[in-house]
Amino acid sequence: MSLSFFTACVLALLTAALPAHAFETRASSAYVIDVTTGTVLMEKNAEEPLPPASMSKLMTVNMLFEALEDGRVTLSTPFAVSERAAAMGGSTMFLSRGDRPTVEDLLQGIIVQSGNDACVAVAEGLAGTEDAFARMMTERARDLGMMNSSFGNASGWPHPMQRMSMKDLAILARHLITDFPSYYNYFSQTEYHFKGRAPDNRFNRNPLLKLGIGADGLKTGHTQEAGYGLVGSARQGDRRVIFVISGLTSSKARAEEAEAIVNWAFRQFTMKTPVKAGERVAQAPVWLGDADTVGLVPAQDVTMLVPAGQRDGVEATVSWTGPIAAPIQAGQELAQMTIMRDGIGDTVVPLVAESNVGTAGFGKRIRTAAGRVISMVQGTDTPPAAQAATN
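When you read off a place in the sequence shown, starting at 1, and then add 865, the result is the number in the numbering used here.
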């Protein structure tokens, strides 16, 4: 048997118009992903490690969520407040030395009030020291696939080691949303102040929460070095979008840009299901089977984003290495379908066997072998896969 890897154009999934209008963001770096389909809608300097400011507090929150999940702490567990924690400047929840805030207090202090003091209290409560906690954060980030992130502290205070890419922040946001649904609601909380202290500092800094556009998280950030940034998420209907922006020049510019991105992401793209589960999209040749071909189908509905109003044909190709040797089991993964769309990254969908294909009988195996020998002698041997690619 001669194996050949090939790609054949098999279908136009939709039938012409304009690609989605590209969004020209004012942010110096940005990343936007449609969570429902996994489609990346925008990338701008997205993998460059940058100062994340308070957006890195999401990693501190993640470490606390994980401690809650595995039972090391509960929401009512009290944490100590050291002199170092109480002395933190910048945005705080106004903790004092000797306070005993609970885990729930500290979560709200970090998420709603962006408390640097709360971050240090969490770091010391979980790891003993903030330096040890920062090392734990960096190691955990690697485990989560955040390869362009490192941490020097728990709060996002300027530090040479405090770096995150916009893509890494999106990975982290998705992890918080999908893996901690029972705690994610804290991110949509609009106000909190610990024991009534500093009521003027009780409001969540996320500018989108009250706009009625489905926004429900996650975290703002600002330092002179980083500019104004936001890790945000919004849900409308069956879709959820995560977006990360950084390097804006003011809180006003950040709010305007964030709202514009959310509106663009939901209004310039629509979800389509061009191929249903079990719908045949191609046939692959079979080697020494009781059938000459096997149908290739997706195991699940193929749902994807397309630019709103698109009517142009969307190209798709199917690739496999073949001919495919029998026996073949229905549902066995055999190929990949790649869907290509203007202005959006490719979507790759696994394809499986539509039905069982048994092994050919003795007579067919003898005839096939004889035919291949004759073809090789005559120099006309052409792998069946190569023939199929021209169909």
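In this text, a Cβ means the ideal position worked out from N, Cα and C, and glycines have one as well.
Next item on the list: Thinking alanine 1019 and threonine 925 are a contact (beta carbons under 8 Å), I'd like their distance in whole angstroms, please.
Entry: 5 Å
Notebook entry, point to check: Quick one: what's got a C-beta closer than 7 Å to aspartate 970's C-beta in the same chain, skipping five residues either side?
Noted result: Phe1059
Check: Taking just the CA atoms, how far does glutamate 1090 sit from valine 946?
Finding: 28 Å
Margin query: Using 8 Å for Cβ pairs, my map puts leucine 1034 next to methionine 920. What's the rounded Cβ distance?
Written below: 6 Å
Checklist line | Where the alpha helix (DSSP H) containing aspartate 899 begins and where it ends | finding: No alpha helix (DSSP H) holds aspartate 899; the beta strand (DSSP E) holding it covers 894-899.
Check: What do you reckon, are the CB atoms on isoleucine 1110 and alanine 895 nearer than 8 Å?
Finding: yes
Checklist line | lysine 1075 burial status per 10 Å Cβ neighbour count (16 or more: buried) | finding: exposed
Note to self: Could you pull the DSSP bridge partners for tryptophan 1152 from this structure?
What the structure shows: Ala1190
Check: Opposite glutamine 1101 in the DSSP bridges: which residues?
Finding: Arg1104
Margin query: Please state the DSSP three-state secondary structure of methionine 1029.
Written below: strand
Check: According to DSSP, is serine 1111 helix, strand or coil?
Finding: strand
Check: With DSSP run on the structure shown, which of helix, strand or coil describes methionine 1012?
Finding: coil
Check: Thinking C-alpha only, which one of Arg1105, His1087, Tyr1057 and Phe1068 is nearest isoleucine 1078?
Finding: Arg1105
Next item on the list: List the residues that DSSP assigns as beta-bridge partners of proline 966.
Entry: None; proline 966 has no bridge partner.
Notebook entry, point to check: How should glutamine 1165 be labelled, buried or exposed, when 16 other C-beta atoms within 10 angstroms of its C-beta is the threshold for buried?
Noted result: exposed
Next item on the list: Reducing DSSP to helix, strand and coil, say where tyrosine 1093 ends up.
Entry: strand
Check: Could you give the C-beta distance for glutamine 1054 and isoleucine 976, rounded to a whole number, given that I count them as a contact under 8 Å?
Finding: 7 Å
Notebook entry, point to check: Are there three or more Cβ pairs, one per stretch, closer than 8 Å when the segment 1126-1134 is compared with the segment 924-939?
Noted result: no
Check: How would you label aspartate 996, buried or exposed, when you count the other beta carbons within 10 angstroms and need 16 or more for buried?
Finding: exposed
Check: Just how far apart, CA to CA, sit alanine 1235 and valine 1167?
Finding: Bear in mind that the predicted position of alanine 1235 carries a pLDDT of just 47, short of 50, making it unreliable; the figure below should be weighed with that in mind. Roughly 42 Å separates the two Cα atoms.
Checklist line | Close Cβ partners of alanine 1006 (< 6 Å) along its chain, the five nearest in sequence each way excluded | finding: Ser1014
Notebook entry, point to check: Hey, out of Val1171, Val905, Ala1181 and Ala1149, whose CA is closest to glutamate 1219's CA?
Noted result: Ala1149
Check: By DSSP, does glutamate 948 sit in helix, in strand, or in coil?
Finding: helix
Check: Can you name the start and end residues of the alpha helix (DSSP H) that valine 930 belongs to?
Finding: Note that residue 930 is phenylalanine in the sequence shown, not valine. Residues 922-934.
Margin query: Please list the terminal residues of the continuous alpha helix (DSSP H) segment that includes glutamate 1122.
Written below: 1116-1132
Item checked: DSSP beta-bridge partners of arginine 975 -> In the sequence as presented, arginine is not what sits at residue 975; that position holds isoleucine. In DSSP, isoleucine 975 forms no bridge with anything.
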